[in-house]
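Colleague: Take the sequence shown: its position 158, counting from 1, is numbered 158 in UniProt numbering, and each next residue is one higher.
Every residue gets a Cβ at the ideal spot worked out from N, C-alpha and C, and that includes glycine.
Questions regarding the structure given below will be posed in turn.
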Amino acid sequence: MSHWFHRNPIKPTEFVKFELKGVLTTDTCSKICGELRLRRDKLVGQFKNASNDLEEVTKEFNEYLRLFAGFLIEIQSSMAELENKDAGNKNSKLIPLIRFKWGNSMLPQTATEVSDTWFEALSMIQCMAMWLTKHAASMAGKDEVRETDAKECLQCLRQAGGMFQYVKEESSKFSGANEVEGSDFDPKVMETYVLTATAEAQEVIVARAIEMKHDDGLISSLAAVTASIFSKADQCLNNLPDEQFARWRRYLQLKHHFYLAYAYAFLGQKQLSEDKCGEAVRACKQGIAEYGVAKEMAAMYATATGPGTRIKPESHLFFRRIEPLLNRHLEKAERENGFIYHQKVPDEIPQLDVEATYGLAKLDSFKYPPPAELWNTAVYSAFDISKAKMPDFSKMKKSKSKLDPVHEEKIYQTEKDPSNSSGCVIA
1 MSHWFHRNPI KPTEFVKFEL KGVLTTDTCS KICGELRLRR DKLVGQFKNA
51 SNDLEEVTKE FNEYLRLFAG FLIEIQSSMA ELENKDAGNK NSKLIPLIRF
101 KWGNSMLPQT ATEVSDTWFE ALSMIQCMAM WLTKHAASMA GKDEVRETDA
151 KECLQCLRQA GGMFQYVKEE SSKFSGANEV EGSDFDPKVM ETYVLTATAE
201 AQEVIVARAI EMKHDDGLIS SLAAVTASIF SKADQCLNNL PDEQFARWRR
251 YLQLKHHFYL AYAYAFLGQK QLSEDKCGEA VRACKQGIAE YGVAKEMAAM
301 YATATGPGTR IKPESHLFFR RIEPLLNRHL EKAERENGFI YHQKVPDEIP
351 QLDVEATYGL AKLDSFKYPP PAELWNTAVY SAFDISKAKM PDFSKMKKSK
401 SKLDPVHEEK IYQTEKDPSN SSGCVIA
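What follows is the structure in structure tokens.
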């Protein structure tokens, strides 16, 4: 796939020492903080390369969250669980002791900070979700995308969407989360990430349906649903400044019209098979019109402002093959209509079915993992907060200093056309 997925930058962050000095009254307390420092630094480094092994990065991510759990909830037993709503979990006494600073994917000049461990946990989960979408793009960018690659791509997008959804639902845990417009905790931005991951997972399913030559009506419906989700994602960014968000919006608009073109292409094919030549002509004409808009959006994307990677959809086989497909169906429909059916071509734009009942992408719900084995009631009690400096209980705010952007490895994207019939196993 030649630069098919748009990807925003990974969030930068400031190194955290986890120095609590007098608060740490036992060797186990010191060990937890020492391991957190090392694990965090290693995990942040893993996010720089989208082609890193999925299993390894997932393991590092989960181990960090598990070790960090005692900074989020009160450890009342060795079996404490953050996701058990009936456990009556109380907030950890350690929540305000460390100040964390994170950048934002769409605001490269703006860092935010707050003394709240939930800010750290949710930011790290966002980072993991972003990395998963980039890993999905690396899977899709291979010279030959095998079925196992397609499955891993779909898995990553579903997991990422679930993580974005979790962050959105839990962001009220710290004060001021939604007060910096355009930040990664802006509700509009969070919802866009959820919808984008959902729509891109849907793309994998559409490509699979095309590859397996499923029913034309089903493919049309799945493509229409995909287009609708991309449109909703774009609308979330309506009131955010073009200086930062124009490129992301052009990408979402491009995908919206691209999948509308596919929806009409397969609707026309379905109507041809049902001898509805007049309606097939109208559907194919509308598909060609949507394809024209998609090409315009591709050109606008190339010059749009804002962070993130660029794509070259107009040079990709999955993009290029739709125009001749539409023209071929239109020519056949007009020819058959002229010779045999003599049906009137409707003026109205044909209705697409956006109520597909199966084949829809579902996000994987994210659950915070249970605390690491090092945590128990005695260890938690050994953190003596009476020895800590007076915590800063103020809400999240913009930092006075900037963070350097993350130097990410470029995601490999093949320039070769796939050998399969759909043009791509995943889109």
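#1: So, is Arg310 buried or exposed, given that buried needs 16 or more other C-beta atoms within 10 angstroms?
#2: So, for Arg39: in the same chain, excluding its five sequence neighbours on each side, which residues have a beta-carbon less than 8 Å away from its beta-carbon?
#3: Do you know whose CA, among Asn52, Glu19, Ser315, Lys48, lies nearest Leu36's CA?
#4: Checking 9 Å against the spacing of the C-beta atoms, do Phe164 and Glu120 come in under that value?
#5: Where are the beta strand (DSSP E) runs, 3 residues long or more, that stay fully inside the region 278 to 327, in chain order?
#6: Along the chain, where does the beta strand (DSSP E) containing Lys101 start, and where does it finish?
#7: Considering Cα atoms alone, identify which of Ala160, Val204, Trp131, Gly45 is closest to Arg146.
#8: Does the region 296 to 310 come close enough to the region 259 to 279 that 3 or more CB-CB pairs lie under 8 Å?
#9: Going by alpha carbons, who is nearest to Ile125 out of Thr112, Asp184, Glu314?
#10: Hey, Ile210 and Cys127: beta-carbon distance below 9 Å or not?
#11: Between the alpha carbons of Glu323 and Asp186, how many angstroms are there, rounded?
#12: In angstroms, rounded to a whole number, what distance separates the CA positions of His135 and Ala227?
#13: Which class does Val114 belong to by DSSP, given the choice of helix, strand or coil?
#14: Just mark Ser2 as buried or exposed, buried being the case when its beta carbon has 16 or more other beta carbons within 10 Å.
#15: For Cys153 versus Glu191, is the C-beta distance shorter than 9 Å?
#16: Measure from the alpha carbon of Thr13 to the alpha carbon of each residue in Leu24, Ser105, Glu55, Lys31, then state which is nearest.
#17: In angstroms, rounded to a whole number, what distance separates the CA positions of Trp118 and Phe174?
#18: Could you tell me whether the region 353 to 360 touches the region 286 to 305, where touching means 3 or more Cβ pairs closer than 8 Å?
#19: Between which two residues does the alpha helix (DSSP H) harbouring Asn62 extend?
#20: Compare the beta carbon distance of Asp216 and Ser273 with 9 Å and say whether it is the shorter of the two.
#21: Mapping DSSP to helix, strand and coil, what is Phe71?
#22: Quick check on Ala121 - is its C-beta less than 9 Å from some C-beta in chain D?
#23: Let me know the secondary structure DSSP gives Leu403 once reduced to three states.
#24: Measuring CA to CA, which of Lys17, Val44, Val16 is closest to Glu408?
#25: So, for Lys188: in the same chain, excluding its five sequence neighbours on each side, which residues have a beta-carbon less than 6 Å away from its beta-carbon?
#26: To the nearest angstrom, how far is it from the Cα of Lys410 to the Cα of Ala201?
#27: Among the residues of its own chain, which have a CB less than 6 Å from the CB of Lys90, if the five just before and after it don't count?
#28: Which term fits Lys270, buried or exposed, when burial requires 16 or more other beta carbons within 10 angstroms of its beta carbon?
#29: Starting from Glu147, follow the alpha helix (DSSP H) in both directions and report where the run begins and ends.
#30: State yes or no: is the C-beta of Ile229 within less than 9 Å of the C-beta of Gln286?
#31: Any idea what DSSP makes of Phe245, helix, strand or coil?
#32: Between the C-alpha atoms of Arg208 and Phe266, what's the straight-line distance to the nearest angstrom?
#33: Can you find the residues in the same chain that come closer than 6 Å, C-beta to C-beta, to Val57, ignoring five residues on each side of it along the sequence?
#34: Report the rounded CA-to-CA distance for Pro371 versus Ala69, giving the unit in angstroms.
#35: Please state if the CB of Ala50 and the CB of Trp131 are separated by a distance shorter than 9 Å.
#36: Do residue 476 and Tyr166 have their CB atoms nearer than 9 Å?
Modeller: Well, looking at it:
#1: Exposed, because fewer than 16 other Cβ atoms sit within 10 Å of the Cβ of Arg310.
#2: Answer for Arg39: Glu60, Glu63, Tyr64, Leu67, listed in chain order.
#3: Comparing Cα positions, the closest option is Glu19.
#4: no
#5: none
#6: For Lys101, the uninterrupted beta strand (DSSP E) segment begins and ends at 100 to 103.
#7: Val204
#8: no
#9: Asp184
#10: no
#11: Between Glu323 and Asp186, the C-alpha separation is close to 38 Å.
#12: 23 Å
#13: strand
#14: Residue confidence for Ser2 is low, a pLDDT of 36 falling below 50, so the modelled location carries little weight and cannot support an answer.
#15: no
#16: Ser105
#17: 7 Å
#18: no
#19: 54 to 68
#20: Using a Cβ distance threshold of 9 Å, Asp216 and Ser273 count as a contacting pair.
#21: Note: Phe71 maps to helix in three-state DSSP.
#22: Absent here is chain D; the protein component of the structure consists of one chain.
#23: coil
#24: Val44
#25: If the five residues before and after Lys188 are omitted, its C-beta is found closer than 6 Å to the C-beta atoms of Cys236, all from its own chain and listed in chain order.
#26: 22 Å
#27: Glu74
#28: Classification of Lys270: buried, given that the 10 Å Cβ count is 16 or more.
#29: Counting along the chain, the alpha helix (DSSP H) containing Glu147 begins and ends at 147 to 170.
#30: no
#31: DSSP, read as helix, strand or coil, puts Phe245 in helix.
#32: 14 Å
#33: Gln46
#34: 5 Å
#35: A contact, by the Cβ cut-off of 9 Å.
#36: Lying outside 1 to 427, the shown extent of the chain, residue 476 is not represented and no answer is given.
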